[in-house]
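Reviewing the structure listed below.
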Amino acid sequence: MRFFDYIRLALKNLTRQKMRTTLTIIAITVGSLSLILMASLMISIRQSLMDQFRNLGAFNLVTVVKDPNSVDNNNLMGTGGSSSEGKMISDATLAAVKNIDHVVAATPILGISADTMKLAGQDKKTWASVVAFEPDTSVFEIPIVAGRNVTNADLDKIVVGSRFLDDFKYRGREKELIGQKVVFNLKNGGGGGSGVDWGTPPAQPPANADDSWYKAQSNKGIEIEAEIVGVADNGTVGDGQNYINIAWARRLNTQVVWEWDKEAQQKADQEKQAAQQALNNSGQKSNISNSSDQSNNVSYMRLVKHDNFADQGYTSVVLKVDDTSNIKSVAAEVTKLSYGAITAEAMLNQINQIMTMVGIVLAAIGGISLFVAAIGIINTMVMATFERIREIGVMRACGATRATIRRLFTFEAALLGFWGGIFGLIVSFLIIRIAKILVAKYATNTNIPIENIGGFPWWLVAGVIVFTTLIGLLSGMGPAIKAAKLNPVDALRYE
Amino acid sequence: MIELKNVSKVYELGGEKIFALDHVNLQVEKGEFIAIMGPSGSGKSTLANVIGGLDVPDEGEVLADGVDIVKMSDSVLSNYRNKKIGFIFQSFNLQPTYTALENVMIPLLFAGVSLSERKKRALECLKSVGLEDRVSHRPGELSGGQRQRVCIARALANNPEMIIADEPTGNLDSKKGAEIIDLLKQLNKEAGITLIVITHDVSVAREAKKILNIKDGKIC
């Protein structure tokens, strides 16, 4: 019997019991659907992360962080870990790690402790995540989608990231952001009479300043304005952060505080005492009060700069390595200096571990539904062989071999699986399309690039069809072998 | 030519051995018309099935043109049935969902004939039994006599050397039955097809050149 005749005959036989065939196919469709959606989701999330890593040039980066124990849960810029634990990263550290073999460039990273962020002239605020680096080192390839990157000279300029884009709904019209101003609120320094080394210096506390005045000042925080020069689509891997240059960040990290000028006060006191003495000597009564009564005399306050950097150092240093194959050795060198080393590979491994766990759970669910579907196929084929025992007898009398009968029934079962796979693909394709529309409409701050989700690589399509067909084939094998073993004489006599 | 040598077929029923065929010796010459008669359960169907290669004896040899079909593999034996034998059944055994044409095409399908060739050949066979105007009717839309003609056409599809008809007139009235026998006789005479007819009907058996009476698995 010819190959196409098997298909033709199998199709013909399946359409005999339309309802039963349809129900069986639906079962396989549901089974394959869960597998496809799962696989498609996993693949696209993984793919999009990989793309982001690649876009950031992350596969050639090693991030030096203070605390070796905070490597696992950190991000690419090392701003996700603890900033107080571990060894300080100073300019000396920067110089040391720059000298490690295969390191071609390095930039220090400084996290800015900003609370909120908004577009100038608007009320809506978003959580600010501002990271500073040295743009001219070209360690990062910031995925700029509009405008330009910040330069080393760009004080008070900012590149906003994808989180900002999503929060303020500027996706698709990124260009409109260029030239606008953002205002972020620094928690740093807060409190009355203190500020940062940028913009207007903090107001001197008035002579009658009390606790409530300090509290009110503190709640106001310090507002810093920056001009948007670029927009970066830095997604999940880049953590949606906003970028400024490190020179400006150093100044923003420098506190400016009104402090008592003890020297000046002492000097004044001495002068006063001398004057008093002179007056006493001359026998005149003094009308100058003692300095202890003048503790609120604001003229003895002066503005002092505190460079936080001196005690805290950089948040991290990102090293660019000449080749991906040298990442490990560079990371090992960094570890020797008792710093933590974050690599994209380690991050990917972690992501992969989570993905694998989720994948196993989802695969188990999909597997169970496919198993049930397989039982459905077996049931259908057992029924079909029972109904067609006499027909099998006639076919055998007409010259069908046992193998022909076996193949015929196996083909029917495989065809059920094949159609189940096809419909599973079609339905999941539609579901993903609908989901994409809904997600785009309702979820703005997903931080997951939805446009990448639901990819159907050719091997997934082929794999699903082959897999479900194989399930059909295997499920049909038992009943088919039984049908082939029937004695033709008994089969013809079967009522 | 088919030769049965010492052929036995045994069934066990409640621990008791029953001989469906009891050391039967028989020669069927090419172009013969043989009627097999006997009471029910005498073994006449078993004899016909053994000759047609549908059943394999427990003992003895069945030589088809000198080759023992007992020793044939399933595929060789199936091919033998496909090419050399045409079966006709009392209850027709037509595929109810297939048209007359499709039913006749079944043996051609297993012979590996192409679809267009199958259609052509099946049409010829239906023409030769006088059903060229019932080609696309399903069995349910045909009379008993017509159904048996479709069955004959199906048996003829691969130009067999032998037709084995098990009670071909059993489900037909005497007039229709006579027509079927006439048709078979004509095929025997004109095409030289060997004809083995199992029947209860003496008037049918009388048409044959040779009558075999079977009782308890033995030819008497």
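So the protein lines, in turn, are chains A and B. Residue numbers for the first sequence, in numbering that gives the first Met the number 0: 0 to 494. Residue numbers for the second sequence, in numbering that gives the first Met the number 0: 0 to 219. Virtual Cβ for every residue (Gly too), placed ideally from N, Cα, C.
Status (buried if at least 16 other CB within 10 Å, exposed otherwise) for residue i
{"i": "V102/A", "result": "buried"}
{"i": "V23/B", "result": "buried"}
{"i": "D292/A", "result": "Residue placement at D292/A cannot be trusted, given a pLDDT of 47 that sits under 50; what the coordinates show is reported in the next sentence. Looking at its Cβ environment, which holds fewer than 16 other Cβ atoms inside 10 Å, D292/A is exposed."}
{"i": "E258/A", "result": "exposed"}
{"i": "T403/A", "result": "buried"}
{"i": "T14/A", "result": "exposed"}
{"i": "I367/A", "result": "exposed"}
{"i": "Q352/A", "result": "exposed"}
{"i": "W247/A", "result": "buried"}
{"i": "E224/A", "result": "exposed"}
{"i": "M356/A", "result": "exposed"}
{"i": "W458/A", "result": "exposed"}
{"i": "I526/A", "result": "Since the first residue shown for chain A is 0 and the last is 494, residue 526/A is missing from the structure and cannot be characterised."}
{"i": "T20/A", "result": "buried"}
{"i": "R172/A", "result": "exposed"}
Cβ shell of residue i (< 6 angstroms), same chain only, five flanking positions each side left out
{"i": "Q94/B", "result": "N102"}
{"i": "A104/A", "result": "T136, V138, K319"}
{"i": "L491/A", "result": "G392"}
{"i": "G169/B", "result": "Q89"}
{"i": "T384/A", "result": "P478, A482"}
{"i": "S41/B", "result": "I213, K214"}
{"i": "L186/B", "result": "I192"}
{"i": "D153/A", "result": "N244"}
{"i": "R148/B", "result": "V128, L130"}
Residue i - partner residues in DSSP beta bridges
{"i": "R301/A", "result": "E258/A"}
{"i": "E58/B", "result": "S7/B"}
{"i": "Q26/B", "result": "E2/B"}
{"i": "P107/A", "result": "V316/A"}
{"i": "F18/B", "result": "V9/B"}
{"i": "K484/A", "result": "DSSP, once it has assigned bridges, lists no residue as partnering K484/A."}
{"i": "L60/A", "result": "K319/A"}
{"i": "S193/A", "result": "V256/A"}
{"i": "T342/A", "result": "V61/A"}
{"i": "T193/B", "result": "M161/B"}
{"i": "K209/B", "result": "I33/B"}
{"i": "D306/A", "result": "T253/A"}
{"i": "K174/A", "result": "DSSP, once it has assigned bridges, lists no residue as partnering K174/A."}
{"i": "I223/A", "result": "F183/A"}
{"i": "I157/A", "result": "I227/A"}
Residues near residue i by beta carbon distance below 7 angstroms, same chain, minus five either side
{"i": "N280/A", "result": "none"}
{"i": "P106/B", "result": "N81, R153, A156, N157"}
{"i": "E390/A", "result": "none"}
{"i": "L108/B", "result": "R117"}
{"i": "A95/A", "result": "L336"}
{"i": "T342/A", "result": "V61, I326, A330"}
{"i": "I364/A", "result": "S33"}
Chain-order list of residues whose beta-carbon lies under 8 angstroms from that of residue i (same chain, five-residue window excluded)
{"i": "R137/B", "result": "P95, T96, Y97, T98, A99"}
{"i": "K208/B", "result": "E31, F32, I33"}
{"i": "N444/A", "result": "In this predicted model, N444/A has a pLDDT of only 49, less than 50, meaning its place in the structure is not dependable enough to derive any value."}
{"i": "H305/A", "result": "T253, Q254, V255, V256"}
{"i": "F58/A", "result": "F52, T323, I326, A343, E344"}
{"i": "M41/A", "result": "M354, V357, G358, L361"}
{"i": "L472/A", "result": "T409, A412, A413, G416"}
{"i": "T125/A", "result": "T115, M116, K117, R162, F163, D166, F167"}
{"i": "V426/A", "result": "T28, L32"}
{"i": "V75/B", "result": "none"}
Supposed close pair residue i, residue j - CB separation, criterion 8 angstroms
{"i": "N184/A", "j": "I221/A", "result": "7 angstroms"}
{"i": "S39/A", "j": "F455/A", "result": "6 angstroms"}
{"i": "L3/B", "j": "V55/B", "result": "Actually they are not in contact, since the Cβ atoms of L3/B and V55/B sit about 12 angstroms apart, beyond 8 angstroms."}
{"i": "I163/B", "j": "I213/B", "result": "15 angstroms between Cβ atoms; not a contact."}
{"i": "V134/B", "j": "L125/B", "result": "6 angstroms"}
{"i": "V221/B", "j": "K16/B", "result": "Outside the displayed range of chain B (0 to 219) lies residue 221/B, so it cannot be described from this structure."}
{"i": "G146/A", "j": "G229/A", "result": "4 angstroms"}
{"i": "A372/A", "j": "I27/A", "result": "4 angstroms"}
{"i": "P107/A", "j": "G339/A", "result": "That belief does not hold up - the Cβ atoms of P107/A and G339/A are roughly 15 angstroms apart, past 8 angstroms."}
{"i": "F381/A", "j": "G423/A", "result": "Inspection of the sequence shows that residue 381/A is occupied by Val rather than by Phe. With 8 angstroms as the limit, V381/A and G423/A do not qualify as a contact, their Cβ atoms being about 23 angstroms apart."}
beta-carbon residue i near the ligand ADP non-hydrogen atom, thresh 6 angstroms
{"i": "P134/A", "result": "Of the ligands one can find in the structure shown there are none, so the ligand ADP has no counterpart to examine."}
Item to check | Start-end ranges of the beta strand (DSSP E) lying completely within the segment 130-185 of chain B, minimum 3 residues | outcome: 161-165
Checklist entry - What residue ranges within the segment 374-416 of chain A form continuous alpha helix (DSSP H) runs of no fewer than 4 residues, ordered along the chain? => result 388-396
Checklist entry - Of all the alpha helix (DSSP H) runs that stay within the bounds of the segment 59-138 of chain B, which reach a length of 4 or more residues? => result 73-83, 99-109, 114-127
Item to check | Contact set between the segment 96-109 of chain B and chain C, restricted to residues whose Cβ is under 8 angstroms from the partner | outcome: You won't find chain C in this structure, because its protein chains are A and B.
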